[in-house]
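There are 2 protein chains.
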Amino acid sequence: MPKFYFEDFSPGWTAEYGPRHVTREEIIGFASQFDPQPMHLDEEAARGTMLGGLGASGWHTCAIMMKMIADGLLLDAASMGAPGIEEVKWMKPVRPGDNLTVKGSVLGSRASQSKQDRGFVTFLWEVYNDRAEKVMTLVCPQMLLRRNPGGAA
Amino acid sequence: MPKFYFEDFSPGWTAEYGPRHVTREEIIGFASQFDPQPMHLDEEAARGTMLGGLGASGWHTCAIMMKMIADGLLLDAASMGAPGIEEVKWMKPVRPGDNLTVKGSVLGSRASQSKQDRGFVTFLWEVYNDRAEKVMTLVCPQMLLRRNPGGAA
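Structure below.
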């Protein structure tokens with residue numbers, strides 16, 4: 001049984017997950033498979049790019065964050081998935097050896113108008129490295145079952 | 154030398170990449186690593202979820218699309234990366250055996266005000282399966298070097 005439902009999330013809710021260590025091997029492995037641009041693949045080639053050295057694909061950072069949120073929250077929640085992403089900002093490179101932390105907060109929530117069993121919670125997820133630099137932010141509306149369908153939202 | 158620069162992209166530009174076959178094994182493999190929710194991991198468990206059967210993690214679809222765009226365009230372009238993503242919509246599940254096609258178009262472009270050597274192009278990427286269903290759309294501003302820095306944009 002899920003521990004967390006729609007009603008458990010409203011502005012003021014916060015959470016923190018991690019740290020998650022990121023290795024050079026996995027940065028290059030993910031990039032080889034999904035984002036084979038020089039700045040994600042090779043130290044030497046990366047030096048002359050915007051990143052100024054090897055950095056993870058932004059999609060890799062998204063995927064690592066997703067795993068942290070799944071393990072930390074969603075697998076214990078009555079989650080029905082997300083219809084999409086409202087915004088992603090990649091602010092700093094994620095480097096080999098970084099330890100990432102995810103901070104979560106709730107921007108807003110609303111019960112579904114058409115279906116009484118569910119609601120939407122808009123989460124802000126902020127990813128930090130161990131130098132306290134914000135490396136990514138992501139705004140995502142999550143669909144969750146209500147503990148009390150049709151009750152006061 | 155790059156074939157494509159900032160000046161080569163304006164509204165009216167279109168492209169298509171793919172098809173890219175998606176297997177059950179890679180859907181489960183990606184999910185195990187990054188998005189271990191039942192609907193992405195197990196046929197039986199997925200039947201009772203929103204997806205009504207096994208479907209790829211939305212992040213997996215993003216990563217597959219990224220590889221198609223890198224191979225089809227970005228590795229031949231004077232790309233400086235993307236500062237983020239404006240919007241992602243996951244519209245239909247991506248199923249084992251699907252063959253994905255990516256259609257690209259340009260929503261707008263602007264030369265950088267502060268740096269004469271670059272500009273931003275906002276791309277719309279639409280992903281279709283082989284049943285002609287749109288499974289995902291993504292709006293992404295891409296930073297590119299100008300062929301003629303400081304010239305007419």
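The listed protein sequences derive, respectively, from chains V and R.
Going by the working numbering, the residue at position 64 of the first sequence is 64; the numbering climbs one at a time, nothing skipped.
So the number in the working numbering is just where the residue sits in the second sequence, counting from 1, plus 153.
Just so you know, even glycine gets a beta-carbon here, dropped at the ideal spot from N, CA and C.
Could you spell out the range, first to last residue, of the beta strand (DSSP E) harbouring GLN295 (chain R)? Reading the second sequence from its first residue, position 142 is the one you call residue 295 (chain R). If you look at GLN295 (chain R), you'll find it in the beta strand (DSSP E) that goes 287-298.
By the criterion of Cβ-Cβ separation under 9 Å, what are the contact partners of ALA216 (chain R) in chain V? As a working note, residue 216 (chain R) is residue 63 in the second sequence. For ALA216 (chain R), the C-beta contacts it makes with chain V under 9 Å involve PHE30, GLN33, PHE34, ASP35, SER57, TRP59, HIS60, CYS62, ALA63, in order along the chain.
What does DSSP give as the partner residue(s) for VAL88 (chain V) in the beta ladder? Position 88 of the first sequence, counted from the first residue, corresponds to residue 88 (chain V). Per DSSP, V:LEU138, R:ILE238.
Give the C-beta separation of PHE187 (chain R) and MET66 (chain V) to the nearest angstrom, bearing in mind that I take them to be a contact with Cβ-Cβ under 8 Å. Residue mapping note: residue 187 (chain R) aligns to position 34 of the second sequence, counting from 1. Residue mapping note: residue 66 (chain V) aligns to position 66 of the first sequence, counting from 1. Right, their Cβ atoms sit about 5 Å apart.
Can the beta-carbon of GLU240 (chain R) be found less than 8 Å from the beta-carbon of GLY84 (chain V)? As a first step, residue 240 (chain R) is located in the second sequence; it is residue number 87 there, counting from the start. As a first step, residue 84 (chain V) is located in the first sequence; it is residue number 84 there, counting from the start. Taking C-beta atoms as the reference points, GLU240 (chain R) and GLY84 (chain V) count as a pair closer than 8 Å.
Since THR214 (chain R) is in the alpha helix (DSSP H), which residue starts that stretch and which ends it? Along the second sequence, read from residue 1 onward, the residue named residue 214 (chain R) stands at position 61. THR214 (chain R) -> alpha helix (DSSP H) spans 211-225.
Bounding residues of the beta strand (DSSP E) (the contiguous stretch that carries ALA168 (chain R)): Within the second sequence, the letter at position 15 stands for residue 168 (chain R). Annotation for ALA168 (chain R): the continuous beta strand (DSSP E) segment containing it runs 167-174.
Does the beta carbon of GLU86 (chain V) sit closer than 8 Å to a beta carbon anywhere in chain R? Along the first sequence, one-based indexing puts residue 86 (chain V) at 86. With respect to chain R, the C-beta atom of GLU86 (chain V) has a partner C-beta closer than 8 Å.
Are the C-beta atoms of LYS115 (chain V) and some chain R residue less than 8 Å apart? If you number the first sequence from 1, residue 115 (chain V) lands on position 115. It does not; no Cβ of chain R falls within 8 Å.
Is the separation between the beta-carbon of ASP229 (chain R) and that of PHE157 (chain R) shorter than 8 Å? As a working mapping, residue 229 (chain R) is identified with position 76 in the second sequence. As a working mapping, residue 157 (chain R) is identified with position 4 in the second sequence. Yes, the Cβ-Cβ distance between ASP229 (chain R) and PHE157 (chain R) is below 8 Å.
Are THR137 (chain V) and LEU124 (chain V) closer than 8 Å when you measure CB to CB? For the purposes of this step, residue 137 (chain V) is taken as the residue at position 137 of the first sequence. For the purposes of this step, residue 124 (chain V) is taken as the residue at position 124 of the first sequence. Judged by beta-carbon spacing, LEU124 (chain V) lies within the 8 Å limit of THR137 (chain V), meaning their Cβ atoms are closer than that value.
Beta-carbon proximity list for GLU43 (chain V), same chain, < 6 Å, skipping 5 on both sides: Taking the first residue of the first sequence as position 1, residue 43 (chain V) is located at position 43. The residues are LEU54.
Would you kindly report the start and end of the unbroken alpha helix (DSSP H) that includes LEU107 (chain V)? Against the first sequence, residue 107 (chain V) aligns to sequence position 107. LEU107 (chain V) -> not in any alpha helix (DSSP H); beta strand (DSSP E) instead, spanning 99-111.
By a C-beta neighbour count over all protein chains shown, 10 Å radius and 16 as the cutoff for buried, is MET39 (chain V) buried or exposed? What you label residue 39 (chain V) is simply residue 39 of the first sequence in a count that begins at 1. Here MET39 (chain V) is buried, its C-beta having at least 16 other C-beta atoms within 10 Å.
Can you give me the C-alpha to C-alpha distance between ARG271 (chain R) and VAL292 (chain R), rounded to a whole angstrom? The residue given as residue 271 (chain R) occupies position 118 in the second sequence. The residue given as residue 292 (chain R) occupies position 139 in the second sequence. Inter-residue distance for ARG271 (chain R) and VAL292 (chain R) is about 19 Å (C-alpha atoms, whole angstroms).
For LYS115 (chain V) and ASN252 (chain R), what's the separation of their Cα atoms in angstroms? In the first sequence, the residue the question calls residue 115 (chain V) occupies position 115. In the second sequence, the residue the question calls residue 252 (chain R) occupies position 99. Going from the Cα of LYS115 (chain V) to the Cα of ASN252 (chain R) covers about 32 Å.
So LEU74 (chain V) contacts chain R; which residues on that side make the cut at Cβ distance below 8 Å? As a working mapping, residue 74 (chain V) is identified with position 74 in the first sequence. Against LEU74 (chain V), the close residues of chain R are GLN190, in the order they occur along the chain (beta-carbon pairs closer than 8 Å).
Since PHE34 (chain V) is in the alpha helix (DSSP H), which residue starts that stretch and which ends it? Position 34 of the first sequence, counting from 1, holds the residue named residue 34 (chain V). DSSP places PHE34 (chain V) inside the alpha helix (DSSP H), whose first and last residues are 24-34.
For LYS134 (chain V), which residues in chain R fall below 7 Å Cβ to Cβ? Against the first sequence, residue 134 (chain V) aligns to sequence position 134. Ordered by position in chain R, no residue passes the 7 Å Cβ test against LYS134 (chain V), which lies about 12 Å from the chain.
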